[in-house]
Every structure is written in C-alpha cells, then in structure tokens.
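Reading through the structure tokens given below for one structure.
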Amino acid sequence: MERVGLEGPWELRRVSDGSVRPMIVPGDIASALIDAGEVPDPYFGRAELDVQWIGREDWLLEKRIELDAQTLERDQVFLDFDMIDTIAEIRINGELVGRSENMFRRFRADAKRFLRPGANAVSILIRSAERAAAERAKKLPYPIPQSEYPISSPHRNLVRKSQCMSGWDWGPCLMTGGAYGRASLVAADGPRIEYATTRVRREGSEWLVRVAVELESAAPRAAAIEASIAGAHDSRALGAFTGTAREELEMRVPASSVQAWWPAGYGPDPSGPRPLYDLAVRVAPASTSGAARGGSDRGHEVRRRIGFRELEVAADEDEAGRCLTFRVNGRDVFCKGANWIPADALPSRWSRERLDDLLSSALAANMNCLRAWGGGIYESEDFYDLCDEKGILVWQDFAFSCALYPSSPDFLAEVEAEARHQVKRLADRACLALWCGNNENLGALGWFAEAKRDPMRYAVDYDRLYEGAIGRVVRELDPDRTYWPSSPCGGPSDYSDNWHRDGRGDMHFWSVWHEGKDFSEYMTVKPRFCSEFGFQSFPNPGTVASFSPEGERNVTSPIMEHHQRHPRGNALIVETMARNFRMPSGALETLYLSQVQQALAIRTAVEYWRSLRPTCMGTLYWQLNDVWPVSSWSSLDYDGSWKLLHYEARRFYDPILLALFVKDGIVRARVVNDRDRAFACRLGLRLRRFDGTIAASYSAQAAIDGDSSTELWSMPLSDLPCRRDEAFLEASAEPDSSERPRTAVLFLTEPKRCPLADARLDAAVETGPRGLELVLRASAPAFYVAPYLEGALGAVGRFEDAGFHLMAGEERHLAFEPARGKSAPSADELRKALRVMHLRASYEQSAVLRSE
Ligand code: BMA
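In terms of numbering that gives the first Met the number 0, the sequence shown has 421 at position 422, counting the first letter as 1, and numbering is strictly consecutive.
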C-alpha cells in the first residue's frame, strides 16, 4: 500500500471574488486568512465580530499533485481525509469524486478513474455550513430548537459540525471549515485493512484478545491476515474476495506475561507510565493456497497500542438509588477530573503539543478521568494516545449537545454512519471508559416552548436518534462498553432529569452557579457521580493582556465583557464576591479574588462529595480548558496557564485528602484515601485567631482503610470556644507510613467577616538550588497566597504552587517552572512582572517585594 500525503501547502480561494491565498492542510480557513494578514486575530479585542462573514462564504481548497503511472496502475486509488469540515464537494481535475456533510465521518472515495499520470488537481469546495443550516431549517416540517448564545450561528443542530463552533457560553462563534487530521491519496493492490478493532477480555489466567478486521479489496484477491501482540499470534487465510470481507483473529496472552493497565493513581505503580503493548495487524495479498504472495504490494499493516484491563461501569440498584461506578480490574475507581472541550476554536491549532500540555496539566492535578463533552468533537488519535499513556479514563459523549435534533431518515443515516466509524475507530482504547448519547439533550426536551407544547413529537425524535441509531450501533459494535443514554441521566433505561435528583446515575449540579446559591448548597446533595458542576472566574492577567490593550482591562469594559459569554457571568461573579469577600480595589485584585472564590467553590463540592465515597464515586467539574481567552468555568486558561482552581484541584484531588467542612452546624474532619493501602493517621487541629495565636487545640487518631472515607473528628460549631468570625481551623493529618502529612484550612464563616491581620508578606526572587525561586514569608496567617505574573511574562511559565496558606513565621520556596518550549526569564524580569496576592481585609496595600 502506498500513501501520498496531501498535507502541506494548498491554496484557498474565496468563491465569491476569486481571491487566492495559501493554506496549510491540516488546517482551517479562518486560520489561513489570519496567517495571510487578511483578517485580524479574532481572539483580540472584539475582532471576532469582524470575521463572522467567513462562515457565510463558500471556499475552495486546491492542491496540485504529481503522480506517476505506477501509482495509478494499482487496483485501487482513493482519497482519504480524516475530517472534512463540513458541507463539501471533493473534486479531482474538476470532476466530482464525492460529497461530505459530516465532519465526524472520515471521507474515503474512489479516485482512480479521475486521475492521470503527471499533474492532477485535488479540490475541496466547502460550502457555508451556516447557510446550509438555514436552508435545512426552512424545510423542516416543524421547528427543532437549540440553545443559543450571545454570538451564535443559528440551527447548528441541523449540521453535523462541532456544535460549539457556532458559539457557546464560553466560546466564540467561528464557523470556520477545512480539512483536519491526515489527508492522503492511497494506492493499493489487493486487500487493505479498513478497520481493525480490538476487544480485550480477562478469562481466568489469560487475556483474550480478539481483533475484528474489516478488509477491502477492489479486485478479487485472496489474503493472508495475521495479528500479534505480546508474544501471541494468530493468522487466517481468506479466499479471493472483492469488496468487503470480515474476519476475527484471536489471541490468548497469559496474564502473568503482561502488566495490567490502570488509570493514573491506581495499580502497582500509581504514578509510573501505563503499560501498553504493540498490536500489529497485517494483511498481504496471497495466492489462493493461502501463502503470502510476493509482488509490488507488500500489503497493509496497522499498529495499535493496547492496554490489558477489565473495565465495567456498575449501575446497580442499591439503598441510595442506583450507582455509577467505574470498576477497573475489579477495583472501584473514584473518578477525579473535569470536562474537556476542544483545545482551540481554530482547528489549525489542535496540535499534539497543545493536547499534551493540557493533558499533562490534568494529570499533574491528580486527575484520572475527563469527559469529552458532546458539544465538541470526537478527539484525534493523539488525544486518546495521550490518555492511554497517562492513564486518563475518557467518558466519551456522542457529538450532540444542548439541543433537540431531527430524526429524519437522512439525518439518522448520517448519524449512524458517524457512530459506526467512531465506535470502530475508538473501541480499542484502554482509556475509553464509556459511551454517552449526548450532553443534556434529555433535559433539553423540557427547555423549549415548542417541545413543551408537543412533547411526544420530540420524545420520539429523541428515542429514534439516541436509542434507535446510536445506542443500537454501540450495542452491536462495542458490546463490552456501557452506553449511557445521556449526561445527566439515571442510567441505562432510566431517562430521568438529573439536575436536582441525586440518587441515581450522573448528575449535573448547577444550583450554585446558575441559581446563584451559596457554596454550601453543594452539601445538600449526595450525587452518585457528578459529571458537571462549575463556577466561573476571570482569566490570568497574562491572558487578559493577550486580548486587550492596556486601559481596557477593567472586568466590565466592553472588551472584557465581550470575553465573557455567560449573560449573567460577571454579575454572578461579583455578587458572589460581595457575599463572601471584601470587595477588591483594582483589576488584578478582581481577577485574583474571582479565582479564589472559584477554587473555594469547587473545593467545597469535591471535598464533600469525595468524603461520601462509596455513595459518590466521581466528580468531573466544568471545565478543564478554554477554546480562546475568556472568562469561564475553566481551571486552565487558553494558553494552558493554571488558574488558582487548577492548583486547588491538585490538592482536592490528592489521593489522600484531609477534608475539613461544616455541615448542619457541625465541623467535621475526614480522611479520604483513594489508595488501596491502609495506614494509621494522627490528626492535629488548631483553632487559630487571625493573628496566628492558638485559641484551642484538638487531636484524634484512626485507622484508615484502603479505598475509604473515615471521620476522625467532629464538633458542633457552638462548642468551639470562639465566635465563628474570630478564628479559623488549621489541621494536619499525619499518616504513619511514608506518606507526607496533609494539611487543610477552614474558615468558619464568610472571609469578609473576619478580621484578617496584615500578614506583612515578604516576597523575594532568589536563585536557589532549583533555579529561580520565590521565597515567601508571613508574620501573620496569609490565605490564598498567589504569585501572578503580569503582562507577556504570564505565558512564560509559573511558580510551582499558588493558592496555599502560610502560617505566621512559615517560609515557602517556590521554584519557577518555564512553560513548554519557553526559557526561564531573568530574576529581574520576574521581579518586575511579579505581584503576590493574598486575602486582605483591605486591598489598598500591595505585596511587599524585596528586590535583592
Ligand atoms: C453545561 C455544559 C455546557 C455549558 C456549561 C456552562 O451544562 O454542558 O453546555 O457550557 O454548562 O453553562
């Protein structure tokens, strides 16, 4: 088999005026226009509004290729694109080869008869998806509504294009198009592997590996297929066939000869690399007797990296309702993570490096699970490769979100083909934990006036799409994996609304954000698995500087408001501040405090819900990352920099967590242990006044089992010898094993009521054993200490920790970690850009920075 890469330079023609500029494939149209200097950077200021026309135009992508006669003599020559976005006509030398209208299906079409030796022209005409959606809407027999956002392209639900490209409550409307992933012309003699999909199952002391191979041959050919993994091997001979043939190979691998795959934090080496094994599947043309035939085509081989693991999603009835528990190799795994959205609103920027950076940050924050959210995409091979390698379980939604969808025969056929492709493509993956029908579309049946008036019609559409098409495909092609009907829902066959019900399946708990409730509201529910809950913050100062000119950085300036897509976002952030904190006085303080409250909100939820294990077995907050620089619920900014929430996540997702919280007037200290090893633990608690002096001390000890949550201490608030605004609790849990102590701090009332002492925080940048270090010292307790780098330096790197608390007299050294591909700045540059923030009774004073 021979592959002619079509990646690299193409030309991009605007159909309406014939103008041409260069374009890189894989890549997108808007990015090509930005690179050509024809449109402004849509992420800067409000330039997004100036590029809306791009999505309303038709565009022609053209490339010339040279082919030799030998290539064209092969049995079969076809075009092969991983992803064409979206409504497209593909031509060779002006003749139509095929059409595509679904970016989630790969495009393959026979090209041989259109090609000739020498120069050939390949073109992709991309028609406006926005116009196509509007035309389809006019033809609908009844309206099919979708959620809309401040800047959005209508009727996105009628086109199989990443739904958030049309704008979201955190994302710009960039209806770009293009060709992403691999782009090739493939020439082959004899049979080829269309799909090779592996199922791995434990049977006694062996792993049973079954590879379903789908073969294609343009001319009648016999084939020899073989597969090998971890020393095991199987082969088959196939008699001559034309078209498609299917065969299954089977191998048995002794369990003692391989290491099992576990999610991060689990298994014999919790933080080591995940063991993956090379699977090779080969097909070669054969003589009819079955022996491999020599000749020009050496056949076709596909390679995979396979993990040996058993994964089950338990959804059993129990006393609390119905659980949702991921069970890997027989052990219940508490899923700790967040929701994943695409890495960028501009697909040209979906690079492996960006994915690796974001996923490494997820792993560094002790995450073991991400939900690839339905408004985004089925991610690239790179994404799942990295999740396999890092041990990040993936909850994969089908690409439908926050809308009702049609169930016309055409639409269902498109979706069925999409589901077949994606399931066959991804079913191999060790990291892939579950398929989920959609994001919130079960709930969306109750959102729109049209559906409220005629619920039956939309319920039938719903059922035909998610059970009749997608569910059926998953059950047929990937029977070992759970198909979860929708997120949220009560589990297979339970279509209940799970925004407020906590007993069954997964929950999206949004009362604290959308309903403006206090953080303590998180403790009014006991979710079995909370797959969404979130709280917004403003971005890091470096991110703000990347999209706004100086003088425009007040959070309610038009540019900052443009980079806030939730209509009540700023109001909710500020209102929450007024409820909990003293009001900040400058732009940086405002960003900082918004991040403190975001970290506190999500910590409150996770700490409590983790303490409920095994009732609750998963928390995935909304959302890990951003597609552009924006105020949002993310813990990682667009440039990958960490907001305070991400540092806090590393603490609240620590496998051993000291949880300190007040519920129903009682203060409780619990130790949550996600490891399988038991230990004895001593707890020391100190009730401290804000000047640091101790008002009372308590201690406790207990045996902590593996995979457990254990209460070590509790006391009614009314028994504490101080008023709630006079002191705070500071605690440390000391395991008797080699584990380091875990610490926690708890305010007993809103921080704004507390007489915080001036911590006289002393900060210095020094060169220490680990390179540049920030040395911090406080003379009174300092809370949520956070070093920020202003201006361009914000993107250069970060200090190793932020958002921690310093007790009086305590000193911390923080190493500076340059971002990927960036070199460390000088000590002087750091000093200039550095602002050290902490919680204050008044924001008039700024941090003291010594500059030796
Ligand atoms: C959810 C998600 C997204 C949305 C987020 C914030 O429920 O599924 O659609 O962006 O809330 O509103």
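Backbone N, C-alpha and C fix where the C-beta goes; we use that ideal spot for every residue, glycine too.
Exposure of residue i, with buried meaning 16 or more beta-carbon neighbours within 10 Å
i: Ser-631; result: buried
i: Asp-409; result: exposed
i: Asp-387; result: buried
i: His-499; result: exposed
i: Thr-603; result: buried
i: Lys-642; result: buried
i: Gly-293; result: At Gly-293, the pLDDT of 46 sits below 50, so the modelled position is not reliable; the number obtained from the coordinates is stated separately. Exposed is the call here.
i: Gly-117; result: exposed
i: Ser-737; result: exposed
i: Thr-243; result: exposed
i: Lys-335; result: buried
i: Gly-617; result: buried
i: Gly-189; result: buried
i: Tyr-607; result: buried
i: Val-19; result: exposed
i: Asp-505; result: buried
i: Lys-512; result: Residue 512 is actually Trp in this sequence, not Lys. Trp-512 comes out buried.
i: Ser-696; result: exposed
i: Lys-160; result: buried
i: Gly-808; result: exposed
i: Gln-502; result: Residue identity differs from the one stated: residue 502 is Gly in this sequence, not Gln. Buried, because 16 or more other Cβ atoms sit within 10 Å of the Cβ of Gly-502.
i: Ala-544; result: buried
i: Gln-594; result: buried
Simplified DSSP assignment, three categories, for residue i
i: Asn-672; result: strand
i: Trp-608; result: helix
i: Gly-293; result: Because Gly-293 carries a pLDDT of 46, less than 50, the predicted location of this residue cannot be relied on, and the following value inherits that uncertainty. Three-state result, Gly-293: coil.
i: Phe-651; result: helix
i: Ser-146; result: coil
i: Ile-192; result: strand
i: Val-19; result: strand
i: Gly-320; result: strand
i: Ile-340; result: coil
i: Gln-622; result: coil
i: Cys-163; result: helix
i: Arg-126; result: strand
i: Ser-593; result: helix
i: Met-506; result: strand
i: Leu-431; result: strand
i: Leu-11; result: strand
i: Gly-770; result: strand
i: Arg-351; result: helix
i: Phe-346; result: In the sequence as displayed, the identity of residue 346 is Pro instead of Phe. In the structure shown, Pro-346 sits in a helix (DSSP, three-state: H, G or I).
i: Met-836; result: strand
i: Lys-525; result: coil
i: Gln-700; result: strand
i: Arg-112; result: helix
i: His-513; result: coil
i: Pro-557; result: helix
i: Asp-827; result: helix
i: Thr-614; result: coil
Residue-level contact to chain E via CB, residue i, 8 Å cutoff
i: Glu-816; result: Within the model displayed, chain E is absent; a lone protein chain is all it includes.
(request) Mind the definition here: the stretch 673-681 touches the stretch 374-388 only if three or more C-beta pairs lie below 8 Å; say whether that holds. (result) no
(request) Scan the stretch 41-79 and note each continuous beta strand (DSSP E) run of 3 residues or more that stays entirely inside, going in chain order. (result) 58-66
(request) Give, in chain order, every unbroken run of the beta strand (DSSP E) that is at least 3 residues long and sits entirely within the stretch 354-408. (result) 368-371 and 392-396
(message) Across the stretch 810-825 and the stretch 786-802, are there enough close Cβ pairs to call them in contact, namely three or more that are closer than 8 Å?
(response) yes
(request) Answer yes if the stretch 100-108 comes into contact with the stretch 78-85, meaning at least three C-beta pairs across the two stretches below 8 Å, and no otherwise. (result) yes
(request) Report the residue ranges of all alpha helix (DSSP H) runs contained in full by the stretch 212-271; include only those spanning at least 4 residues, in chain order. (result) none
(request) Decide yes or no for the touch test of the stretch 479-494 against the stretch 297-314: beta carbon pairs closer than 8 Å, at least 3 of them. (result) yes
(message) When you compare the stretch 341-351 with the stretch 390-399, are there three or more beta-carbon pairs, one atom per stretch, that lie closer than 8 Å?
(response) no
(message) So, does the stretch 206-223 touch the stretch 489-499, judging by three or more C-beta pairs under 8 Å?
(response) no
(request) Would you be able to state if there are at least three C-beta pairs under 8 Å between the stretch 764-779 and the stretch 738-748? (result) no
(message) Measuring CB atoms only, is the stretch 642-656 touching the stretch 552-566, in the sense that at least three cross pairs come out at less than 8 Å?
(response) no
(request) Kindly provide the ranges of any beta strand (DSSP E) runs that are 3 or more residues long and lie completely inside the stretch 448-502, ordered along the chain. (result) 481-483
(request) Answer yes if the stretch 134-149 comes into contact with the stretch 85-96, meaning at least three C-beta pairs across the two stretches below 8 Å, and no otherwise. (result) no
(request) Tell me the start and end of each unbroken beta strand (DSSP E) in the stretch 709-764 that is at least 3 residues and wholly inside, in chain order. (result) 726-734 and 741-746
(request) Kindly confirm or deny that the stretch 424-442 and the stretch 372-387 touch, where touching means at least three C-beta pairs closer than 8 Å. (result) yes
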